Amino acid sequence: NTGEGIPHDLIRDECLTFLFAGHDTTSSLLSWCMEALARHPEVVEKIRAEIHTVMGDRTTVQFDDVKQFQYCEMVLKETLRMRPPVPFLDRGVAADTKLGKHVYKANHYVYPFIIAAHFDNRYWKKPFEFRPERFDHSKGDDPAPHPFAFAPFSAGSRNCIGKRFSMIEAIIAVVSIIRQFDVSTKQDEQDIVWHFEGTMKPTNFHCSFTPVQ
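Numbering of the sequence shown is given in the working numbering, commencing with residue 62 and proceeding in unit increments.
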């Protein structure tokens, strides 16, 4: 209404948001997911069975299919638990706050290390095992989760606005890959280097994709 243009710094910030939130985090999630699937062929077979149940002979994933890929979503959640693309957050303290023995002053910053909560055995049974079924809460396998025990997209009022879009995007990608390929690797898990540069990635991971016969 004022006829003023959009400031250049705002355009820059929006472009960075699209690049970081819309691309970098999802590519990190999919990289770690392939790393996990390459070591767990039994999980790949369960995903493939779910694909057959949902899609039959169709070759294209439809939007209405996504909500039916419940096991695939569990696999992605377990990947996010063990290898969150953003392992810690930064938050400003709105008012003086006491937590336990510590006092955090207003206008200071805190950096919650969310990956630590993801491996806390008070909330997760055998937290160092890759086990997607732990997210099937109907089985009651893991203890009732604390609302902040799983926070790959942050939590509370400042959580990621694009978290559902990210999961839809990742589900479609995994289904499209696993429908057509087996994933394998010859690398030992302990040889994978975790590299953090905005997001956490496996920098030296190599895997092979073999067409499904």
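Every residue gets a Cβ at the ideal spot worked out from N, C-alpha and C, and that includes glycine.
These numbers were taken from a predicted model, which means no experiment stands behind them.
Going straight from the alpha carbon of residue i to that of residue j, what length do you get?
i: lysine 162; j: alanine 177; result: 19 Å
i: phenylalanine 270; j: aspartate 74; result: 37 Å
i: valine 236; j: aspartate 203; result: 26 Å
i: lysine 262; j: methionine 95; result: 12 Å
i: alanine 97; j: alanine 216; result: 25 Å
i: proline 206; j: leucine 141; result: 15 Å
i: threonine 158; j: arginine 152; result: 13 Å
i: phenylalanine 266; j: isoleucine 232; result: 21 Å
With 16 as the cutoff for other CB atoms within 10 Å, does residue i come out buried or exposed?
i: tryptophan 255; result: exposed
i: valine 225; result: Looking at the sequence shown, residue 225 is not valine but arginine. With fewer than 16 other Cβ atoms within 10 Å, it is exposed.
i: histidine 169; result: exposed
i: phenylalanine 196; result: buried
i: proline 146; result: buried
i: phenylalanine 211; result: buried
i: serine 89; result: buried
i: proline 102; result: exposed
i: serine 199; result: exposed
i: valine 279; result: Outside the shown range of the chain (62 to 274) lies residue 279, about which nothing can therefore be said.
Could you check what DSSP says for residue i in three-state terms: helix, strand or coil?
i: tryptophan 312; result: The chain is shown from 62 up to 274; residue 312 falls before or after that span and cannot be answered.
i: arginine 142; result: helix
i: threonine 63; result: coil
i: proline 188; result: coil
i: arginine 73; result: helix
Of the choices the options, whose alpha-carbon is the least far from that of residue i?
i: phenylalanine 191; options: Trp93, Ser89, Thr86, Gly64; result: Trp93
i: phenylalanine 209; options: Arg183, Lys200, Leu77; result: Arg183
i: aspartate 126; options: Arg100, Ile67, Thr114, Asp157; result: Thr114
i: proline 173; options: Glu230, Phe149, Ile72; result: Phe149
i: threonine 86; options: Glu134, Gly259, Asn265, Gly64; result: Gly259
Original post:
Whole alpha helix (DSSP H) runs in the stretch 95-135 with 4 or more residues, listed along the chain?
Top reply: 102-116
Subject >> Runs of beta strand (DSSP E) lying entirely within the stretch 206-255, each at least 3 residues, in chain order >> reply: 242-245
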